[in-house]
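Numbering (this note's numbering), first residue to last: 46 to 643.
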């Protein structure tokens, strides 16, 4: 494989090949490619293999937003090729490292262009610029690209208007004279004129080096034939190129076969799919985004669309959130409301809290369109299972944000769900236009008193069906009531999932105790008034964190010995009773000593 070929843009498909909900099998420089167009028009060019067992993704399902492997159902997002769901691990958000290899893609002259590591942009050819271009069917030739280009320099075809004028639709046979106006290793520009000089057409023939012994001829005509003459034009050129193919292949068989091209395959640590990916240590803001849009989405709620300044935004799954580092120095967490495949931007909703700590006020009052913000990569401690027979989503107020992403994913996959939206008034329902698009699956509960809300929750959560899961997000009192009602109705902890936006727990930090770090071989004293997390960091031990209030679960660590005092709202009652994990940002020890798996 030559360095020139790797740095060059090559046509890998025709626009006719990447039709909606289809996956095209391509090949370039010995590498198999899966080429597919998402419903938003974005063309993906990927390594043609599922990262699980190597099955070709070209036989997978293009659902318009994600590509689904037919073997074990792994789902990959448009644009990033990041894995969004693994059916064998429905309770886990796949690690961000599980990402297929992608290649750049551009459309020009009716062709899809890509390459290993192409420089610049695809070629600009003056012959194809005026009047548009008309792509012909690709023809595969079992011969090296150099042989094919040499044969194309002697190729013959008839001008377009003469083809369309033929009574039988085939037009005159290939004939001259032909002028070669440009040629290199991978393409040749031919201009054909009729015998009397009254007609002329220009065509560009590109040689796509699929492998050392296989080339795809992709031809483009300058100008677009009239609709009623397109089929004769296609037939004429197909006949001529078929004759060229037969002649070149006959010559190639008389030569020694070339060494095949071997494409480098980058291995991905698939074992990380079995557990959630660890978040970066501390509160890191690895991304820079620009505010592309800011608009009111409900009473006292502003919507923000954030676009990347450089590169593609990372993949995320429904239920994920990002840390937003604000101009006033605060860090706040906001759920992503995007539906599947929406990775050209992140969308969040921010409720104004006049009596809060100043985070929401900063976004509402100070952040404007065009401003640049630092944000973390998405984290997901509230992942959506998609193996439930039925899913019940319960949102209170701004708690709609993570559940809106879940509802869009469930609807897109055709999975059974219902979304219950509790709000003070219709004006307080955030992202109402997206909720309206979910149809009859949505039930609105407007202006209910606390007792009426409790009665509505009892009705919604009564009588759990088999394999039914519940997701609840909203104000603390509503979540407490929903969890209590769900438990009283016979729902188990592993089927009730919840996310608090804040931790209302009163924390007694007057105790002093020792934490022993089993893997770090350290013994540290946690004094009154300090958290375990603060002591760890003061001694050079970094831990992952996000909210640092006991609500998000990012700083969860395993407890090997000792009795933790749980001051978080992330763990459910069963997990707290087991005592095997704790949140080091707020929780403490019930005795003199804790042994942590750090």
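Cβ coordinates follow ideal geometry from the N, Cα and C atoms, glycine included.
Values in this document were obtained by computation on a predicted structure and should not be read as measured data.
Check: Per DSSP, residue 393 forms a beta bridge with which residues?
Finding: 349
Notebook entry, point to check: Hey, how far is the Cα of residue 261 from the Cα of residue 183?
Noted result: 6 Å
Margin query: Nearest by alpha-carbon distance to residue 517: which of 436, 288 and 470 is it?
Written below: 436
Next item on the list: Answer yes if the region 558-577 comes into contact with the region 629-643, meaning at least three C-beta pairs across the two stretches below 8 Å, and no otherwise.
Entry: yes
Checklist line | Inter-residue spacing [alpha-carbon to alpha-carbon] between residue 148 and residue 54 | finding: A straight-line Cα-Cα distance of about 11 Å links residue 148 and residue 54.
Notebook entry, point to check: Taking the continuous beta strand (DSSP E) assigned at residue 499, which residues delimit it?
Noted result: Where residue 499 is concerned, there is no enclosing beta strand (DSSP E), although the alpha helix (DSSP H) it sits in stretches over 495-506.
Checklist line | C-alpha distance - residue 362 paired with residue 274, whole-angstrom precision | finding: 48 Å
Margin query: Using only CA atoms, which one of 455, 378 and 416 lies nearest to residue 443?
Written below: The shortest C-alpha separation from residue 443 is found at 378.
Notebook entry, point to check: Who are the Cβ neighbours of residue 611 in its own chain at under 7 Å, not counting the five residues just before and after it?
Noted result: 621, 627 and 632
Check: Counting pairs of Cβ atoms below 8 Å between the region 281-291 and the region 172-188, do you hit three or more?
Finding: yes
Check: Roughly how many whole angstroms lie between the Cα atoms of residue 50 and residue 251?
Finding: 13 Å
Check: DSSP three-state call for residue 320: helix, strand or coil?
Finding: Interpretation of residue 320 is limited by its pLDDT of 41, a score under 50 that renders its predicted location unreliable; no figure is taken from the coordinates.
Note to self: Cutting at 7 Å between CB atoms, please list the residues of its own chain near residue 531, excluding the five before and the five after it.
What the structure shows: 506, 515 and 541
Next item on the list: Apply the 10 Å Cβ neighbour rule to residue 216 and answer buried if 16 or more other Cβ atoms are within range, or exposed otherwise.
Entry: Bear in mind that the predicted position of residue 216 carries a pLDDT of just 46, short of 50, making it unreliable; the figure below should be weighed with that in mind. Buried is the call here.
Check: Is the region 163-177 close to the region 253-260, with three or more CB pairs under 8 Å?
Finding: Three or more beta-carbon pairs separated by less than 8 Å are not found between the region 163-177 and the region 253-260, which leaves the two stretches without contact.
Next item on the list: Kindly confirm or deny that the region 360-376 and the region 386-403 touch, where touching means at least three C-beta pairs closer than 8 Å.
Entry: yes
Notebook entry, point to check: What does a CB cutoff of less than 7 Å around residue 279 pick up in its chain, not counting 5 residues either side in sequence?
Noted result: 181 and 182
Margin query: Please report the straight-line C-alpha distance between residue 569 and residue 393, rounded to a whole angstrom.
Written below: 39 Å
Item checked: Buried versus exposed call for residue 553 [16 or more other C-beta atoms within 10 Å across all chains shown] -> exposed
Notebook entry, point to check: For residue 265 versus residue 176, is the C-beta distance shorter than 8 Å?
Noted result: no
Next item on the list: Have a look at residue 544 and residue 96 and give me their C-alpha separation to the nearest angstrom.
Entry: Each residue's CA atom was taken as its position, placing residue 544 and residue 96 some 31 Å apart.
Notebook entry, point to check: Which stretch, first to last residue, makes up the beta strand (DSSP E) that contains residue 367?
Noted result: 366-370
Note to self: Is the beta carbon of residue 57 closer than 8 Å to that of residue 649?
What the structure shows: This structure does not reach residue 649, given that the chain is present from 46 up to 643, and the question cannot be answered.
Next item on the list: Rounded to whole angstroms, what's the CA-CA distance from residue 332 to residue 199? Just pull it up for me.
Entry: 53 Å
Notebook entry, point to check: For the beta strand (DSSP E) that residue 491 lies in, which residues bound it at each end?
Noted result: 487-491
Item checked: beta strand (DSSP E) segment containing residue 71, residue limits -> Where residue 71 is concerned, the enclosing beta strand (DSSP E) starts and stops at 68-73.
Notebook entry, point to check: Could you give the distance in angstroms between the alpha-carbon of residue 63 and the alpha-carbon of residue 224?
Noted result: Distance between residue 63 and residue 224, taken at the CA atoms: about 32 Å.
Next item on the list: With a 10 Å radius around its C-beta and 16 neighbouring C-beta atoms as the bar for buried, classify residue 323 as buried or exposed.
Entry: Bear in mind that a pLDDT of 45 at residue 323, under 50, signals an unreliable position, so the number given afterwards is only what the model happens to contain. Under this definition residue 323 is an exposed residue.
Notebook entry, point to check: Got a sec? Which residues, its chain only, sit under 6 Å from residue 594 by beta carbon, not counting five neighbours each side?
Noted result: 548
Notebook entry, point to check: Apart from the five residues just before and just after residue 606, which ones in its own chain have a Cβ nearer than 6 Å to its Cβ?
Noted result: 640
Notebook entry, point to check: Taking the alpha helix (DSSP H) that residue 578 falls in, what are its first and last residues?
Noted result: Run containing residue 578: 577-583, per the alpha helix (DSSP H) assignment.
Notebook entry, point to check: For the candidate residues 414, 474 and 395, whose alpha-carbon lies nearest to that of residue 348?
Noted result: 395
Check: Exposed or buried, which one is residue 310 when buried takes at least 16 other CB atoms within 10 Å?
Finding: exposed
Item checked: Euclidean distance between Cα positions of residue 493 and residue 404 -> 28 Å
Check: How would you call residue 364, buried or exposed, if buried means at least 16 neighbouring beta carbons within 10 angstroms?
Finding: buried
Notebook entry, point to check: Is the Cβ-Cβ distance between residue 204 and residue 246 less than 8 Å?
Noted result: Going by beta carbons, residue 204 and residue 246 fall inside the 8 Å limit.
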